[in-house]
Every structure is written in structure tokens, then in C-alpha cells.
Amino acid sequence: MLFALSAVLRHTPCPPVGFSILKAGLNKSVLLSVYSSQNSREGQVCHNLHEKKIASYLSKIGQKFLSMYRSYGTYVAFLTILLTLYLVTPNYISFGYLWFLLLWIIGRQLVEKTKRRLWFPLKVYAAVVFIFTYSLSISPLFARLVSKFVKLYPDLGFDPEASLLVNVWQSLSILVVMQLYSYERRQNSDKNFSVSDASVSGLLGFLRRLLIWHSEKILSVSVFYACLSSISLSGLVYLLGLIVFSTLPKVSRIPSKVYLVYTGLLAVSEYLFQMICKPAQMCPGQRLYGFAAFLGLKHYDSGLWGVEYGLRGKVLVIVACTIQYNVFHWLDLMPASLVHEGKWEEPCQLFISSDQSASLLNNREEIHSSNRFALLFSKVQGLVGSSLSSSLSSGNTYQTSEAVQNVTKGLDEDKRYSFAKMWGMSKESHKWDKQRIVSLKRERFDTQKSTFKSYIIFWMENLFKLRGLEINMIVLLLASFTLLNVVSMFYIMCLVACILMNRDLIQKLWPLFVSLFATVLVLEYFALWKDGMLWLQGVNDIEMRCHGCWKNSQIFFDYCSKCWLGLIADDPRMLVSYYVVFIFSSFKLRSDHFSGFSDSDTYRQMRSQRKNAFVWRDLSLETKSFWTFLDYVRLYAYCHLLDIVLALIAITGTLEYDFLHLGYLGFALVFFRMRLEILKKKNKIFKYLRMYNFAVIVLSLAYQSPYVGQFSSGKCDQIDYLYEIIGFYKYDYGFKITSRSAFVEIVIFLLVAVQSYIFSSGEFDYVSRYLEAEQIGAMVREQEKKALKKTEQLQHLRRSEEQKRQRNMQVERMKSEMYNLQSQLNTMNSFTPINNASCNEGLRRRRTTRLYSDIDAPLLDNEIGSPAAASQSFEFSVADTKRNIPDLLFPSSSDAPRSPIRGRSEEFMLAD
167 MLFALSAVLR HTPCPPVGFS ILKAGLNKSV LLSVYSSQNS REGQVCHNLH EKKIASYLSK
227 IGQKFLSMYR SYGTYVAFLT ILLTLYLVTP NYISFGYLWF LLLWIIGRQL VEKTKRRLWF
287 PLKVYAAVVF IFTYSLSISP LFARLVSKFV KLYPDLGFDP EASLLVNVWQ SLSILVVMQL
347 YSYERRQNSD KNFSVSDASV SGLLGFLRRL LIWHSEKILS VSVFYACLSS ISLSGLVYLL
407 GLIVFSTLPK VSRIPSKVYL VYTGLLAVSE YLFQMICKPA QMCPGQRLYG FAAFLGLKHY
467 DSGLWGVEYG LRGKVLVIVA CTIQYNVFHW LDLMPASLVH EGKWEEPCQL FISSDQSASL
527 LNNREEIHSS NRFALLFSKV QGLVGSSLSS SLSSGNTYQT SEAVQNVTKG LDEDKRYSFA
587 KMWGMSKESH KWDKQRIVSL KRERFDTQKS TFKSYIIFWM ENLFKLRGLE INMIVLLLAS
647 FTLLNVVSMF YIMCLVACIL MNRDLIQKLW PLFVSLFATV LVLEYFALWK DGMLWLQGVN
707 DIEMRCHGCW KNSQIFFDYC SKCWLGLIAD DPRMLVSYYV VFIFSSFKLR SDHFSGFSDS
767 DTYRQMRSQR KNAFVWRDLS LETKSFWTFL DYVRLYAYCH LLDIVLALIA ITGTLEYDFL
827 HLGYLGFALV FFRMRLEILK KKNKIFKYLR MYNFAVIVLS LAYQSPYVGQ FSSGKCDQID
887 YLYEIIGFYK YDYGFKITSR SAFVEIVIFL LVAVQSYIFS SGEFDYVSRY LEAEQIGAMV
947 REQEKKALKK TEQLQHLRRS EEQKRQRNMQ VERMKSEMYN LQSQLNTMNS FTPINNASCN
1007 EGLRRRRTTR LYSDIDAPLL DNEIGSPAAA SQSFEFSVAD TKRNIPDLLF PSSSDAPRSP
1067 IRGRSEEFML AD
């Protein structure tokens, strides 16, 4: 468009109004620097570098715009025409637009390529309509002539009283869009643009691959919505097609083509019906309205939303089929190495790397390093166990160090860390280096992350192949509590069969289950269709719905009985539950056809990481020093998930005061008491709680029958109050989080199922062994504490005996000293008595020496042994000496503390 405008401006005799302002603002004319054709621009030499840059920039913008319009031009035209159909009253002109648009889309889907003969008729028709409408607007004579043959409004959508723009905007907008599309095709007819496929890395490539995987699910949901939007013969055809095509593989292109052709015929016939319903007596209230409703032809309401609601189901199916067309186009552009060749396999790989060769090289290096790590770790683990046992017996450290050196002998010496260094090169020590242990824990953590990533990717790609049965069991349980009729009991019986039967037997019988689920879906669709047939409806003054029977079953017993038996279905939402059960069972049936995982790249990556799986399994007491944060989280989850489950069950048991909730509370309290026993015996004990929960579910669903009990408001004079004492309640329609809803039973069932699965897993055996070893270690540590305590007691007794012996020796020494003193006193008694004055003087002179200031100070030898001193010191009577001996040996409490041996020393005082 810029090129054409530039050519016009170059050949005009004078520039248009305002062009000088534009030129002054840009300093140079941008439009005059762009030439009418690319060849002329390339051939002419640009003397001005600024103009050359502008021309190059605009040329790139134009090429980018053409490239984008080549990818999305079809959808721009589709949305433009669709919006035009919504905004106008249905007429024959708009019917032509719809006809040629569907011819274009359906033809492209059938031939799997966009060709000129498919879209060119729409462009010609838009041009003819524009000329025709413009002629009607500018020529009243021509308008009066045409009105003689057909009504201008509403048959042609032309309003004579409206302005020209109001009449021509519809055809003008479509003509502009188609002209742009035609121009893009003409400009790019000899060019091959690099179309980005789904094999590119990044978010866009992943979203395209995800769309490749799930486009058929989008188509299935769209078809089911179209089936529900018109409960009639046309909807039944959709439903039958949905059941038949669900057994085909994902890469089959037949369903999208058949759905698109059938939807196109329905859309054309229903849009044409809007204009002929009154002449044909098929509008609401007319004679043949019942026949039109039987066929699925319905009259649209006036306005934008009326037409949109009438075409919504068809438009969704057309959009889903268009998505599948793009999906198959992307799949054809993908490399053969990323596309799966199996009939029942997924179309392509969901997760791919940016560089496959680098990925393969990294995988080889990872495998090599993981093998080395696994070898080292397993051998060192054995050495740790042997060293622990040997240290308990003999404590030989030389053999352990030598064994570790033999393990690390054949490994590379430039390894980031060496187990020989970690263990210790010296023969007299095997203490671990803390820095090296941190390095080992870091590598273990990295290995855990890479292994976890590989397993998660594998599980995401093969979820239904691995856990399709469990997903279907959950769907059956949810559908049972959603429907609350006899079909719920059938679903519960199927759930019981899935629990009791072997997985291989279930896989063989699964086509029978799918057939039964499809039969239930079709029968319930007939029940819903029968309720909408006018000639089968009788006179019914009762305004009652099936979802209100839970509290009115006694009043409307016959109607509620038919609702419970499935003979009446008055709510299209009930079909959603039947459809979900059927479609999930068909997904499992499709996954059961898959033979193995050998051709999957994610399976090969997962197999390459199997050798690193020991970092997730090895929860042992010997390797506890290597544990990472993930190991502790796993241990906590394995050990305390049972506590969480039992706590939730105990809380559930206190929500209502009845016998069934009391049973939950009793199980929780008893199992809390038997926690260690349950961790040892696992499902042998825990299965009783699962059986009780399942029995409660079956009995609760059976109680929803109108033949048993009725709704009670809690009055004690009603017999149904006894059922509430037991714990049976009439459930309200839909899921509500209350103490009397089905949500409680579902949550308990899921919690118990998860705990049972954990008990049956192989990893829990490692946890059990670790818990047993830790329990034994705790017992050993307790015995060691007791032995240490006894040792401390014996040492305390020994110290007490030693102190007692020392005291006895001290007493003996004092006894001997007292004996010597008594001997000396006896010796002094043999001397001649002296006078009293000399005695008193000597006593005063002896007291001045203050011998009683220190009780442990002995008598000086010179005072005893010297004759001169003896003649002066002992010139006192024997009676005074005997009185003063206690004061000399035992001072008063004010001068010195009381001696512990005073009581015994008093026995040796001299008597008169």
C-alpha cells in the first residue's frame, strides 16, 4: 500500500494538502523515497545515505508484515467475516459470506493445502456485493427495481433509509481483508519463507508441541459442547461420532475432516433456516416447530448475542478442526527424529533440547561420571559399615585405610575430590574432611536434581500409560458423588472391581468397561432428549427438578424414583459426568495399546538416570552424613504423612456427632496408639481403615435412593432422625464443603489411598530399615548412657571410700599424737610439785604464746626437749594442766571452725 501511494504521489501535478508539513517534519520525503516496485528500488542508485536507510527499513517492515499476514491472514479473514455475521440480521448476502468462507476452510482441510481456487471465490463475491450495495445506495431507481423481486431488508440486509457507510461497511471490510490476503499471496508466490515449526526450542516451540499432543482433546470437548448445545438428532450424530472416533489414534486426520464437513453443513442449514422458518411453519409456536426441534434447527434470538449463541457450538468445532489442521502442518515440518512412528504413540516428543548433539554428549559424560560416583559411593558405604562393625570389636584402623586406598587406586587423580583424601591417607586416622563431605553432598544434590528432572519429564509424557487406572478410579469416585443415582452405584461397583482385580486382568477387560460407559452416555442422552421432545411431553403442573429430590423425595416420590433410576435427565450438566468418565476411560484404552517405551527419547534419558537412582533410595544410617535437604524432606514425608492423615481423619471424626464419624475418630485414636506397629506391618493394619471408608461411601450412596429414608430437619419425633444418628444424610446437588457433604468422604478416600500407595512403594522399605536401625541405635545409646551413669556412680563411691580412708588415717595420726602427749603428761607427773605462784606465773607465760590460734600447729621440740625450758614451762600442778589441755587442743568456735573429729578426740581426754 505504501508503494502504491508513493507511485501516485510521484505522478501528481501538485502535492496534496499537508504534504509539505510531513516533508518538513521528516526533512526528506519518506514516501517519495519508496518506489512502486522492488525492482526499481534495487536498480536505482541512492545518492543520499539517509534515504537509503529509510527505504531499507521500510522494506524490511513490509516483508515482516507480509510474512505475518501469510501466517495469520486466513484467521483475520475468518474473524472479520464471523464478526460481520454477528453484527447483522441474518440475510442472503451474509449467507453467501458464510457459504464461501466454509467452502474455503473445509476445502483447505480436505486437500491439506491452501490453494487459490479455494479463497478466490470469496474475494470475487465480496467485490460483487460491494459494487451491488454501492449501486443500491447511489441509485434509488436501481433500488426500486431490485425491490420488486426481493425485499431489500431483511432479505438482502440493505436499509434504504440508512447512510451509505452503514450499508457498505460489511462488504467493504471483507473486501479490504481479502484484497490484502490476495496481495500477500501474489507478492510471496515465488518466495519460500522459513516457517517456524514445533521443533524449535523455547516457550513457543513447547506450546506448539503441547498443542500437538492435546489438540484432539480440544476437538473432543468442542464436539461434546456442540452436542449439548443442541439436544436433538444433530447432537446425537455428534455424540456417536465422538464415541466412534475416540478409539482412533491421535495422528488420525479423519475425525477433524468429518467433523468439519458435518459442522459446515449444519451451520449453513441452520443459518438458512433463520430466513425460511416462518414460510415453512417451523418457527416457535408454529405447526412444524417440533419437527425442527427434533432435527436440531433452532431459531436465533435477535441481536448480536442471539446469533452468537446459536452459532457458538459450530464455531468452536470449526476452530478446533482448524487447530488440528495447523497441528498436522507443524507435525509435517518437524524432523523425523522427533516424530514418533508408532500408531498408538504420541505424535512427537514433548520435551526437546536446543542442541541434540550437545545433549547426547552431556548424557554420555553424565553417565560416565555417575557410574564412577555410584561405584565409589557403594564401596565407601560398605567400608563405612565394615569400619563401624570393626570399631565395635577391635578398632583396627589400618585395614580400613588400606581398603579405601585400594578403592581409589584405579580412579583418575584429577577428580574434583578423592575419597582417599576424604577418608585420610594416614593409617592411624580415618576422620572425614568436612570440606570434602560438603562437596560430596553438593554432587549428590545435583545428581538428585537431574534424576528428578528426568523422571518428572518421563512421567509428564507417560502419565496415562503409568497411572491411567488410578486416574480413572478418582474420576469414577467423583462422578459417583456428582450424580447420586443408580449410575453412581454402577460406577462404585466398577471402582471396586478396579481395586480388587489384577492390573493385567483389568487391562484385558478394559474395552468392556469403555463400552459400558459409552452405553450409559448414549442412554442418558436419549433420556435427556426424550424430555425435550414436544410430542412426548404430557401435561405436568409440577415444577420439580431432579437435583431437588434430596429434600422432596417423599412428596414427589414417582418423579424422584425415575430420576434416581436414570429414566429422567432434566439437566444437561449431568451428561458432563458421563462424558468425563467415558473420555478418561477411552484415554486409558488408547494408552493400553502402547507396547513399550523403547522409542521414546525421554524413556532413554530416564533409563540413563536409573544408575543414579540410588541417591533417592539409599536412606540408610551409614550414609546419613551425605544426606541433602531433599533426603530429609523425603524422610519427614514418609515418617509423618501417616500422622497428618490420622490427624485429618480425627478432625473429620469430630465434625458431626454420629456413629460413622465416631468410627473415624476411633480409627484415628487407635492408629495413633499403634503408630510404630503400623509403620512395621503397613497395609496389613492400614487396610481396615480403607475398608471402613469404602463401606461408608457405598452405604452413603445407597442412602440417596428415594426408597430409603427421607430428608429430616433434625426433629426427634421423626424416624429418619435415627439415620442421622447413625451418620446417613441426604446429599445436596453438587460439591459443597460442609460436614454433611460428599466432600468429606472423597478427601478421606484420597488420603487413605495415598498412604496405602506409600506403604506399598519400595522406597518405604528403605525408610523402614533406617527407622529400625535408628531405633536400635537409640537403644544402644540409651544403654551407653546407663553404663556411663553406673560408671560415674562407681567412681563416686571410690572417691568417697578414698576420702573416708584418708579421714581414718588422719584420726589415727591424731590418736597417736594424743597418746604421745598423754605419755609426756604422765612423765611430768613424776616431778616434784612447785608452789602456786610459780605455777600461776608459768601458766600466764604459756597462755601468752597463743598456741590455740592454730589447731594443726604442733608443739615445738625445743620447748619440750630443753631441760631449762621444762623447768620453767611445766612448773605448775598436774590438776591445772589437765584442765587446760582441751582449751589448747580444741579452740572455741569464735576462733576456729569446729573440727569434724572433735567428738572422737574427746574420748581421749585425761581423767582425774
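Using this note's numbering, you'd call the opening residue of the sequence shown number 167 and step up by one each time. Glycine included, C-beta positions come from ideal geometry on N, C-alpha and C. Keep in mind that this is a model prediction, so the values were computed, not measured.
Under the rule that 16 or more other beta-carbon atoms within 10 Å means buried, what is residue i, buried or exposed?
i: H806; result: exposed
i: T789; result: buried
i: M699; result: exposed
i: T299; result: buried
i: F679; result: buried
i: E967; result: exposed
i: D724; result: exposed
i: R973; result: exposed
i: D809; result: exposed
i: M626; result: exposed
i: W496; result: buried
i: S719; result: buried
i: M945; result: exposed
i: D467; result: exposed
i: Y223; result: exposed
i: V799; result: exposed
To the nearest whole angstrom, what separates the beta carbons of residue i and residue j, a pair I think is in contact under 8 angstroms?
i: V811; j: L405; result: Going by Cβ atoms, the distance from V811 to L405 rounds to 41 angstroms, so no, they are not a contact pair.
i: I658; j: V493; result: Actually they are not in contact, since the Cβ atoms of I658 and V493 sit about 38 angstroms apart, beyond 8 angstroms.
i: L383; j: A433; result: The question names Leu, yet the displayed sequence has Lys at residue 383. That pair is no contact at about 23 angstroms.
i: L504; j: C514; result: 5 angstroms
i: L801; j: L785; result: 6 angstroms
i: M772; j: F624; result: 4 angstroms
i: F833; j: L867; result: Incorrect: roughly 21 angstroms between the Cβ atoms, too far for contact.
i: L463; j: M441; result: The pair is not a contact, with the Cβ atoms about 12 angstroms apart (cut-off 8 angstroms).
i: Q614; j: T794; result: 6 angstroms
Going by the DSSP bridge assignment, what does residue i pair with across the sheet?
i: V505; result: C514
Helix, strand or coil for residue i, going by three-state DSSP, please let me know.
i: V366; result: coil
i: R257; result: According to the sequence provided, residue 257 is Asn. The question's Arg does not apply to it. N257: coil per DSSP, three-state reduction.
i: I397; result: coil
i: A458; result: helix
i: H465; result: coil
i: Y153; result: In the structure displayed, the chain extends from 167 to 1078; residue 153 sits before or after that span and is not available.
i: F825; result: helix
i: C729; result: helix
i: A328; result: coil
i: W793; result: coil
i: V417; result: coil
i: Q720; result: coil
i: S905; result: coil
i: Q353; result: helix
i: G893; result: coil
i: M980; result: helix
i: M699; result: coil
i: V874; result: coil
i: S786; result: coil
i: D736; result: coil
i: Q447; result: coil
i: N992; result: helix
i: K848; result: coil
i: Q820; result: It is worth fixing the name first, because residue 820 is Thr in this sequence and not Gln. Coil, per DSSP.
i: R711; result: coil
Is residue i near the ligand FMN, judged by its Cβ being under 8 angstroms from some heavy atom?
i: L426; result: Although the ligand FMN was asked about, the structure shown includes no ligands whatsoever.
Report yes or no: is there a C-beta of chain D within less than 9 angstroms of the C-beta of residue i?
i: I749; result: Chain labels in this structure do not include chain D; a single protein chain is all it has.
List, from N- to C-terminal side, the alpha helix (DSSP H) runs of 4 residues or more that fit wholly inside the region 743-783. 767-774, 780-783
In chain order, which continuous runs of the alpha helix (DSSP H) of length 4 or greater are located wholly inside the region 641-682? As far as the region 641-682 is concerned, its whole alpha helix (DSSP H) runs of at least 4 residues are 652-666.
Where in the region 259-315 do unbroken runs of the beta strand (DSSP E), each at least 3 residues long, occur, reported from the N-terminal end onward? none
Runs of alpha helix (DSSP H) lying entirely within the region 902-969, each at least 4 residues, in chain order: 908-926, all fully within the region 902-969.
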